[in-house]
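Q:
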Amino acid sequence: MASEAAPDGTGKTENLNDSKPMGGNQNLNPSQEGRPVRGREHGWEIAIFHEDMEAALVCTDPEAPAITPEKVLDLLDARNIVYGVASREEIAQAIEKAKANGEPAAVAQGAPAVPGTARYIEYLFDIDPLKVGKIKEGGELDFKDRGEIPQVQKGDVIARVVEGTEGVPGMDVFGQQIEPPKVESAKTMVRVGKGASKSEDGSAVIASTDGRPAVTGDGRLFVFPGLTIPGDVSLETGHVRFDGAIEVKGSVQDGFEVQGGSLTAKEIGKAVINVKGDVVVTGGILGAKIQAGGTVRAKHVYGSTIEAVGDVVVGKQILDSRVITTGACIIPRGKILSSGVCAKQGIEAMQVGSDSSKPCTLLLGVDERLTRELDRIKEEIQQTKKQMAKKDVLLDEINKAQEKLQENVGRLAQVQDKAMVAARDLDKKIEEGEGDVSAMTMRAAAIRQQSVQVGEALDTLLEKQELIFDDKRNKEKEKQALEERIKDLEQEIEYLIAKDKEEPGLPELKTKGAVFSGTLLKGVHASLTMPEDMSFIRIKEKRTVDENDRPIWIMEVARQKA
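This is the structure in structure tokens:
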């Protein structure tokens with residue numbers, strides 16, 4: 001039953017029972033603005049629900065006299081309800097329903113706004129085709145039956161930008177337009193690396209070589225040619241630097257470097273790895289330093305430093321290592337011992353710490369790699385601006401030299417002009433036989449000789465002027481290149497920050513085994529040092545309030561099912 005209308009004239013009706021809309025949906029929650037002010041007639045009234053999106057007929061008195069559809073239309077008109085009004089037949093049914101059970105019965109329905117769709121990038125290949133790294137019982141990684149690696153040919157379209165759509169405004173029952181929700185469009189900056197190029201209009205990415213397409217964790221598209229090393233990366237091969245997908249049938253031995261698009265190997269020793277894509281190791285990573293633009297997968301990690309844009313997936317154990325990932329650190333059947341792990345998308349492990357190992361430090365929901373990358377880009381911007389300032393000084397010096405040179409050129413040109421005029425005057429007098437012809441002839445010859453010398457000096461100045469002009473033009477091009485670099489770096493910062501906001505962190509640790517005492521967990525806002533050993537828990541940063549209702553952040557510890 002509906003409560004009685006407020007006697008103070010406001011007409012607000014509170015705690016109305018849910019109604020059933022004309023479309024058949026159940027359990028409509030009435031708006032707290034339910035307001036039958038006008039539109040009331042002898043135990044019948046019109047109430048507004050769902051932020052003016054529905055008008056319902058309410059019978060406030062079981063003994064109320066019958067009401068006709070025409071009268072209901074009058075009540076709606078009194079409330080200025082003009083949109084989505086039901087037909088007379090539907091209103092008649094609503095009258096019966098409202099009278100029979102006392103529940104609100106919809107008699108007018110607004111049209112909700114239709115949200116638009118965000119602009120996005122559609123990849124025309126499977127961006128994770130192998131699904132490598134599925135962990136079997138015992139911590140083994142399953143590399144069998146991995147599927148087909150996508151291959152493309154030069155000229156193939158490998159991705160395209162799909163434009164978003166505009167939202168459609170809605171209308172409430174009062175005829176007021178409702179703007180569609182604002183679409184927070186993802187950053188769809190098309191970013192390409194080697195082997196890929198943008199189409200002329202920037203709406204597609206095209207393979208510029210044959211090979212394997214891939215998208216790295218930071219959103220860049222590559223096409224990697226392939227390089228297979230039948231044995232180890234060792235003295236026989238030396239360091240390996242290749243712009244494509246590198247497959248090492250053996251191991252990467254101590255002291256060697258591998259740079260490339262992606263890397264697959266049986267084992268990695270105390271090596272330095274820097275790849276734009278994934279690192280997949282069927283065995284262990286032992287003392288390596290790895291930077292990966294994609295995912296890192298291995299059976300175990302000992303004494304290593306790993307920075308990845310994608311997930312870090314380990315089968316058995318991370319020991320005495322430091323792991324930084326923008327993705328998640330996943331060891332569902334393994335342990336983290338004596339290590340520091342920073343994972344923006346949280347950590348899942350069987351066990352963290354032990355009775356004999358040093359306490360672990362876990363940073364959850366934090367993107368330390370992004371912070372360092374932003375600092376690096378900002379530093380590069382500052383250094384580039386310093387180079388631009390030096391170019392400005394050089395250009396200022398060149399401009400001053402150019403002005404001085406121009407003054408000298410003008411002065412010599414005037415001297416030369418005057419000499420030529422004087423020589424012509426003497427020639428005329430000599431021709432007319434006026435004065436000492438012999439002296440005038442010698443004077444004219446001397447003036448012409450002086451004019452030649454001035455001309456030679458002028459040519460030298462003009463040549464120097466041309467060199468200065470070329471130098472100035474080169475310096476201006478260099479400055480322009482620096483300005484473009486700054487724009488690119490600033491766009492990179494904008495992209496990384498927007499991407500970070502679009503993919504918020506998950507400050508959470510999930511375990512089925514024990515998290516040992518002394519383990520330090522830090523979220524974005526809160527931290528916790530484990531006071532005792534606990535098993536089957538989930539620790540997550542949570543916003544709550546203190547005893548004074550002030551907002552605070554805590555690391556909440558919750559039990560998980562065994």
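For what it's worth, the UniProt record's numbering labels the leading residue of the sequence shown as 1, then goes sequentially.
Here a beta-carbon is modelled for each residue, glycine too, at the ideal position from N, C-alpha and C.
Under 8 Å, do E41 and I81 count as touching if we go by C-beta distance?
A: Walking along the sequence shown from the start, residue 41 turns up at place 41. Walking along the sequence shown from the start, residue 81 turns up at place 81. Not a contact, by the Cβ cut-off of 8 Å.
Q: Between I552 and S527, what straight-line distance do the alpha-carbon atoms span, to the nearest angstrom?
A: In the sequence shown, the residue the question calls residue 552 occupies position 552. In the sequence shown, the residue the question calls residue 527 occupies position 527. C-alpha separation (whole angstroms): 12 Å.
Q: Taking the continuous beta strand (DSSP E) assigned at N274, which residues delimit it?
A: Working through the sequence shown from its first residue, we reach residue 274 at position 274. Per DSSP, N274 belongs to the beta strand (DSSP E) from V272 to V275.
Q: Need the endpoints of the beta strand (DSSP E) that F49 sits in, please.
A: In the sequence shown, residue 49 corresponds to position 49, counting from 1. Residues W44 to F49.
Q: Could you check whether I229 and T237 sit closer than 8 Å to each other, using their CB atoms as the reference points?
A: Mapped onto the sequence shown, residue 237 falls at position 237. Mapped onto the sequence shown, residue 229 falls at position 229. Closer than 8 Å, so yes.
Q: Would you check if the distance between the CB atom of R119 and the CB atom of E163 is smaller than 8 Å?
A: Taking the sequence shown and counting its residues from 1, one reaches residue 119 at position 119. Taking the sequence shown and counting its residues from 1, one reaches residue 163 at position 163. The answer is yes: Cβ separation under 8 Å.
Q: With three or more C-beta pairs closer than 8 Å as the rule, is the stretch 108 to 125 touching the stretch 81 to 90?
A: Yes, the stretch 81 to 90 touches the stretch 108 to 125.
Q: Can you list, in chain order, the residues of its chain with a C-beta nearer than 8 Å to that of L374? Leave out the 5 residues immediately preceding and following it.
A: Mapped onto the sequence shown, residue 374 falls at position 374. Cβ within range, chain order: I493, L496 and I497.
Q: Give the range of the beta strand (DSSP E) segment to which V281 is assigned.
A: Indexing the sequence shown from 1 puts residue 281 at position 281. From DSSP, the beta strand (DSSP E) with V281 extends over V279 to V281.
Q: CB L458 to CB V409, shorter than 8 Å?
A: Taking the first residue of the sequence shown as position 1, residue 458 is located at position 458. Taking the first residue of the sequence shown as position 1, residue 409 is located at position 409. For L458 and V409, yes; Cβs fall inside 8 Å.
Q: So, G523 versus E547, is the Cβ gap smaller than 8 Å?
A: Against the sequence shown, residue 523 aligns to sequence position 523. Against the sequence shown, residue 547 aligns to sequence position 547. No, Cβ-Cβ distance for G523 and E547 is not below 8 Å.
Q: Within the same chain, show all residues whose beta-carbon is closer than 7 Å to that of residue 563, passing over the 5 residues directly before and after it, in chain order.
A: Not covered by the structure: residue 563. The range shown for the chain is 1 to 562.
Q: Any idea if R543 is buried or exposed, counting beta-carbon neighbours within 10 angstroms, 16 or more meaning buried?
A: Within the sequence shown, the letter at position 543 stands for residue 543. Under this definition R543 is an exposed residue.
Q: For E45, count neighbouring Cβ atoms within 10 angstroms of its own Cβ and tell me buried if that reaches 16, exposed if not.
A: As a position in the sequence shown, residue 45 is number 45, starting the count at 1. The residue in question, E45, is buried, as its Cβ has 16 or more Cβ neighbours within 10 Å.
Q: Measuring alpha carbon to alpha carbon, tell me which residue in G269, R485 and Q153 is nearest K386.
A: In the sequence shown, counting from the first residue as 1, residue 386 sits at position 386. Looking at the Cα atoms, R485 is the closest of the given residues.
Q: Run the CB neighbour count on M442, radius 10 Å, all protein chains shown included, and call it buried at 16 or more, exposed below.
A: Within the sequence shown, the letter at position 442 stands for residue 442. Per the 10 Å Cβ criterion, exposed.
Q: Would you kindly work out how many angstroms separate the C-alpha atoms of R448 and I430, rounded to a whole number?
A: On the sequence shown, residue 448 is found 448 positions in, with the first residue counted as 1. On the sequence shown, residue 430 is found 430 positions in, with the first residue counted as 1. Distance between the alpha carbons of R448 and I430 is about 15 Å.
Q: Identify whether K475 lies in helix, strand or coil by the three-state DSSP scheme.
A: Position 475 of the sequence shown, counted from the first residue, corresponds to residue 475. Helix, per DSSP.
Q: Hey, could you find the ends of the beta strand (DSSP E) K289 is sitting in?
A: The residue given as residue 289 occupies position 289 in the sequence shown. Here the beta strand (DSSP E) through K289 covers K289 to A292.
Q: Have a look at the DSSP bridge pairing and note the partners of residue 579.
A: A question about residue 579 goes unanswered here, because the residues of the chain that appear run from 1 up to 562.
Q: My guess is that R212 and Q151 are in contact by the Cβ rule of under 8 Å, so how many angstroms apart are they, rounded?
A: For the purposes of this step, residue 212 is taken as residue 212 along the sequence shown, with counting starting at 1. For the purposes of this step, residue 151 is taken as residue 151 along the sequence shown, with counting starting at 1. Correct: roughly 6 Å between the Cβ atoms.
Q: Hey, out of S87, V215 and C342, whose CA is closest to L124's CA?
A: Start at 1 with the first residue of the sequence shown, and residue 124 comes out as number 124. Nearest C-alpha to L124: V215.
Q: For R241, I'd like the list of residues in its chain whose CB is within less than 6 Å of its CB, leaving aside the five on either flank, ordered along the chain.
A: For the purposes of this step, residue 241 is taken as residue 241 along the sequence shown, with counting starting at 1. The residues are Q259.
Q: Just list the residues that DSSP pairs G433 with in beta bridges.
A: Locating residue 433 in the sequence shown gives position 433, where the first residue counts as 1. Answer by DSSP bridge pairing: none, since G433 is not bridged.
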